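In our numbering, the protein residues as written are 10 to 130. Working notes for the structure below.
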DNA sequence: GTGATGACGCAGT
DNA sequence: GACTGCGCCATCA
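In structure tokens, the structure reads:
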């Protein structure tokens, strides 16, 4: 067991705001997308940066979550650089029926999924 | 302990 | 509508 694995196990034991972010992200239905701000608002994180930070660490923790369905408020794939290859994010979105042009979701408001509204919380 | 950084958002111009 | 500056909070060097 590597230090990395031990670190992951520790993170799995302790439930932090990251787990909440992962949980909400997994609830996003295929073909839809949401924003960092809406997730931050739904979880009352106080800052959208925390959501992006949590998703960034999600790769390190080994969690497999549809992070490609989370974009910034303009519908831009601002997190694509953290995928390997970066084009993977767009490919996954297009595979789910979401059209992406110039690293931006086409008709974003139509595919926007708001947790606070959809989950009736 | 302190300063810098980050997959962002909002208000002001 | 586009650009800039500031705030947000956790993590890392």
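Every residue gets a Cβ at the ideal spot worked out from N, C-alpha and C, and that includes glycine. Just so it is clear, the structure is predicted and the values come from calculations on it, not from any experiment.
Can you tell me whether residue i is helix, strand or coil according to DSSP?
| i | result |
| --- | --- |
| residue 39 | coil |
| residue 27 | helix |
| residue 121 | strand |
| residue 70 | helix |
Name the DSSP beta bridge partners of residue i, please?
| i | result |
| --- | --- |
| residue 113 | 85, 110 |
Cutting at 6 Å between CB atoms, please list the residues of its own chain near residue i, excluding the five before and the five after it.
| i | result |
| --- | --- |
| residue 60 | 30, 45, 48, 49 |
| residue 78 | 37, 42 |
| residue 98 | 77, 86, 89, 92 |
| residue 52 | 29 |
My assumption, with CB atoms under 8 Å, is that residue i sits in contact with residue j. Please give the rounded CB distance.
| i | j | result |
| --- | --- | --- |
| residue 1 | residue 75 | Since the displayed the chain opens at 10 and closes at 130, residue 1 lies outside it and no answer follows. |
| residue 66 | residue 27 | 6 Å |
Which same chain residues end up closer than 8 Å to residue i when comparing Cβ atoms and leaving out the 5 residues on each side of it in sequence?
| i | result |
| --- | --- |
| residue 40 | 105, 106, 107, 120 |
| residue 95 | 89 |
Is residue i close to the ligand HEM? I mean its beta-carbon at under 7 Å from any heavy atom of the ligand.
| i | result |
| --- | --- |
| residue 111 | Because no ligand of any kind appears in the structure shown, any question about the ligand HEM cannot be addressed here. |
Given residue i, which residues of its chain have a CB within under 7 Å of its CB, disregarding the five upstream and five downstream residues?
| i | result |
| --- | --- |
| residue 54 | 26, 60 |
Exercise. When the Cβ atoms of the stretch 116-128 are set against those of the stretch 43-57, are three or more pairs found closer than 8 Å?
Worked result: yes
Problem set entry | At least three beta-carbon pairs within less than 8 Å, the stretch 51-66 to the stretch 103-117 | no
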